Amino acid sequence: MGDCQIGVIGLGVMGQNLARNIARHGFAVAVYNRSESRTREFAARFGPEGTFTAARTPQEFLAALAPPRKVLMMIQAGPPVDEQIEQLLPDLEAGDILIDGGNSYYEDTRRRGQALAARGVGWIGSGVSGGEEGALWGPSLMPGGPREAYLAIEPIWNRIAAQTDDGPCSTYIGEDGAGHFVKMVHNGIEYGDMQLIAEAYDLLRTVGGLQAPALAEVFERWNAGPLQSFLIEITAKIFRKLDPETGRPLVELVLDQAEQKGTGRWTAEVALRLGVPAPTLASAVDARVLSALRAERVAAARLYSGRRAAGRKKPPAGWLDAVGQALYASKICAYAQGMALLRAAAAEYRWSLNLAEISRIWKAGCIIRARFLDGIKAAYRRQPELPNLLLDPDFSRWVAEAAPAWRRVAQSGSAAGVPLLAMGSALAYFDSYRRDQLPQNLTQAQRDFFGAHGYRRADRPQAGPVHSAWE
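Numbering (the working numbering), first residue to last: 24 to 494.
1) Classify alanine 117: buried if its beta carbon has 16 or more other beta carbons within 10 angstroms, exposed otherwise.
2) Quick one: is histidine 203 buried, meaning 16 or more other Cβ sit within 10 Å of its Cβ, or exposed?
3) Tell me the DSSP secondary structure of threonine 303 in three-state form.
4) Short of 7 angstroms in beta carbon distance, which residues of its chain neighbour glutamine 242, apart from the five on each side in sequence? Order them along the chain.
5) Cα separation between valine 274 and isoleucine 220?
6) Taking aspartate 114 as the reference, which of Leu396, Gln99, Glu83 has the closest Cα?
7) Roughly how many angstroms separate the alpha carbons of arginine 431 and serine 353, rounded to a whole number?
8) For tyrosine 327, does the three-state DSSP call read helix, strand or coil?
9) Using a Cβ-Cβ cutoff of less than 6 angstroms, which residues in the same chain neighbour isoleucine 122 once the five nearest sequence positions on both sides are dropped?
10) Under 8 angstroms by Cβ, that's how I've got threonine 80 and valine 52 pegged, so tell me the actual separation to the nearest angstrom.
11) Please report the straight-line C-alpha distance between glutamate 380 and alanine 239, rounded to a whole angstrom.
12) Put lysine 337 into one of helix, strand or coil per three-state DSSP.
13) Would you call the region 458-470 and the region 369-388 in contact, with 3 or more CB pairs under 8 angstroms?
14) Run through DSSP, which three-state label would threonine 76 get?
15) Roughly how many whole angstroms lie between the Cα atoms of aspartate 225 and glycine 436?
16) Could you check if glutamine 460 is buried or exposed, using at least 16 other CB atoms within 10 Å of its CB as the buried criterion?
17) Can you check which of these residues, Pro300, Asp216, Arg483, Ile355, is closest to leucine 364 by C-alpha distance?
18) Rounded to a whole number of angstroms, what is the C-alpha to C-alpha distance between alanine 78 and glutamate 156?
19) With 16 other CB atoms within 10 Å as the buried threshold, where does histidine 490 fall?
20) Just to confirm my understanding: we take aspartate 188, look at its own chain, exclude 5 residues before and 5 after, and list those with CB closer than 6 angstroms. What are they?
21) Among Asp415, Trp342, Ala281, which residue has its Cα nearest to the Cα of leucine 233?
22) Between the C-alpha atoms of arginine 135 and valine 144, what's the straight-line distance to the nearest angstrom?
23) Check the C-beta distance from valine 422 over to leucine 414 and give it rounded, since I have them as a contact under 8 angstroms.
24) Which value, in whole angstroms, describes the spacing of the CA atoms of glycine 124 and leucine 227?
25) So what does tyrosine 55 bridge to, in DSSP terms?
26) With a threshold of 7 angstroms on Cβ separation, who are the neighbours of serine 127 within its own chain once the five nearest residues in sequence on each side are excluded?
27) Is the region 394-401 touching the region 317-330 in the sense that three or more CB pairs, one from each, lie closer than 8 angstroms?
28) Mind checking which residues open and close the beta strand (DSSP E) that includes aspartate 123?
29) Ignore the nearest five residues each way along the sequence and tell me which others in glycine 388's own chain have a CB closer than 7 angstroms to its CB.
30) I need the straight-line Cα distance from proline 13 to isoleucine 196, nearest angstrom please.
31) How many whole angstroms separate the CB atoms of tryptophan 180 and proline 166, which I take to be in contact at a CB cut-off of 8 angstroms?
32) Is DSSP giving tyrosine 478 helix, strand or coil here?
33) Using the beta-carbon count (16 or more within 10 Å), is glycine 38 buried or exposed?
34) Going by C-alpha to C-alpha distance, which of Arg457, Pro410, Gln218, Leu276 sits closest to leucine 313?
35) Going by DSSP in three states, serine 163 sits in which element: helix, strand or coil?
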């Protein structure tokens, strides 16, 4: 056995940067990549940064590790993870720990954990957020799996995670697939947050007539207030960047087709399966899918030309603040939907999710880090079983204060032909959640009419379902 405290398999950008991060914090790291040339390149380029052992084969890699051997796999999610496990399994011993740091589907993580537990091997599914910079300088880490396996990696995870006044942005999430589930929901919120910002941008330029320099100023101002977040910060920087070829704002030359890797879609699908309304997160996925239909959109634009309201040369009075308030209220709804999904998953899978702790570790290192996560953390510390953020006194007050501006923005956007898939769904979600009487009494009456599905009487719901002859 060797003396490396952890090994990293997969030396893409994320794997390289995590290995460097771990070594920088004083841990000896074994590294291995399926392509031996990449392993050699890593050793030549980054070897002086820390204590590394570059292995040429899986067996050599495992031999370099001190027991219990801890192996972090940073490889593509899906079949490649299963293939890597099968390659390592003959040489693993009881007590060894495998860690999947990719964006694996949580059900795959649960399945792999059960199979490896039968062999005495610990299995950790750890969400890693923050991109390549976060991986190098401090990500947000979301490990889930057997607690005893987590305790073996805890000293490393706490050291390499982003650090805040609240401690390291890493915590034990929960059993089996909990870590990857929380990372999936993180990404679903990320999709929603990004779409809401894109819609605010569209409102500011289409209804308000703002160009890139003015847009940068607006987002910089927003980033100094309650909307402060990583995504708002980088959006301001994007508007400042000029294309060296044309001198135009570079963002205007980016084709309007947003790609996706699947985690947002997973979030929407799981929310439907668990019966948790998450329309803002789902609409963000729809927006990316619609953006991919560029040829069809161009044809439709020609067909409906002249039917879009003209933009203004300057924004109407109070417009910038109104859009900021609408964005803030919509973001609260997006996070509320994500946190409600986490509560439902905890009940479904019997995970001990601590929503205050999850909010805390999202404060730095990850893509959705934002100032108001302090408020979310406080809300769940006050009431750990809070059903929805919209029922928290602070959040309910903030949304109520923003609601008039929110409605004004939604109306103006609709009149100008600005699609507000996420912002509009957030407002509808809020209006549905705050109503004590919804029109689904008619829906249930229709179901009873054509299918004899029954209904409960509003004047005596405890009496159970009844059926009526509607004709």
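Here a beta-carbon is modelled for each residue, glycine too, at the ideal position from N, C-alpha and C. Note that the structure is predicted; figures quoted are calculated from it, not measured.
Walking through what the data contain:
1) exposed
2) buried
3) helix
4) The residue you asked about is not glutamine; residue 242 is phenylalanine in the sequence shown. Closer than 7 angstroms at the Cβ level, and outside the excluded window around phenylalanine 242, lie Ile255, Thr258, Ala259, Phe262.
5) 14 angstroms
6) Glu83
7) 13 angstroms
8) coil
9) Leu95, Ile147, Ser149
10) About 17 angstroms separates the two Cβ atoms, so there is no contact after all.
11) 33 angstroms
12) coil
13) no
14) strand
15) 9 angstroms
16) exposed
17) Pro300
18) 25 angstroms
19) exposed
20) none
21) Trp342
22) 10 angstroms
23) Not really, about 11 angstroms apart at Cβ, beyond 8 angstroms.
24) 38 angstroms
25) Ile32
26) Ala100, Val104, Gly148, His203
27) no
28) 120-123
29) Ser152, Gly153, Gly157, Gly161, Pro162, Ser163, Ala184, Ala185, Cys192
30) This structure gives no information on residue 13, because the portion of the chain shown stretches from 24 to 494.
31) 6 angstroms
32) strand
33) buried
34) Gln218
35) strand
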